Amino acid sequence: MNILAELHYIGHNTAAVADLLSNIDDDMLTDTFNALDPAEDTFFRNIAGVEMMRRNLPIDGKDDIVIEKLWPGDMQ
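Here the sequence shown stands for residues 168 to 243, where the numbers follow the working numbering.
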């Protein structure tokens with residue numbers, strides 16, 4: 168299955184993209200995230216990144232992403 172082709176076929180249907188990405192294995196998800204262009208594929212890349220965070224997968228190899236976690240006690 169060519170995930171990138173499937174994503175572009177689905178288009179900007181958030182539920183369908185999230186469903187597809189939630190049903191692939193960790194290695195394929197990581198490969199897909201890294202193959203997506205940060206400038207052209209931000210919609211798909213954001214959903215893939217959320218799925219990676221949900222699975223506690225590392226998001227590395229890309230300097231263009233910043234994740235900041237705020238916990239309830241951190242806000243002053």
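No residue lacks a Cβ here, since even glycine has one placed at the ideal position from N, Cα and C. Please read all numbers here as calculations on a predicted model, not as lab measurements.
Start and end residues, alpha helix (DSSP H) containing residue i
i: His179; result: Taken as a continuous stretch (DSSP letters only), His179 belongs to no alpha helix (DSSP H), as it is neither H nor E.
Assigned secondary structure, residue i (DSSP; H/G/I helix, E/B strand, else coil)
i: Asp204; result: coil
i: Leu224; result: coil
i: Ile170; result: helix
i: Ile214; result: helix
Residue i CB to nearest heavy atom of the ligand MG below 7 Å
i: Gly178; result: As far as ligands go, the structure on display features none, and thus does not contain the ligand MG.
Contacts around residue i, its chain only, beta-carbon distance under 6 Å, and the 5 residues preceding and following it disregarded
i: Ile191; result: none
From the options, residue whose alpha carbon lies closest to that of residue i
i: Ile226; options: Asp204, Thr197, Thr209; result: Thr197
i: Glu130; options: Tyr176, Leu174, Ser189, Met195; result: A query on residue 130 cannot be resolved here, the shown segment of the chain reaching from 168 to 243 and no further.
i: Glu207; options: Asn169, Met168, His175; result: His175
i: Met156; options: Phe211, Ile214, Thr181, Thr199; result: Outside the shown range of the chain, which is 168 to 243, sits residue 156, and nothing can be said about it.
With 16 other Cβ atoms within 10 Å as the buried cut-off, status of residue i
i: Ala172; result: exposed
i: Arg212; result: buried
Close Cβ partners of residue i (< 7 Å) along its chain, the five nearest in sequence each way excluded
i: Ala215; result: Leu188, Leu196, Thr199, Phe200, Leu203
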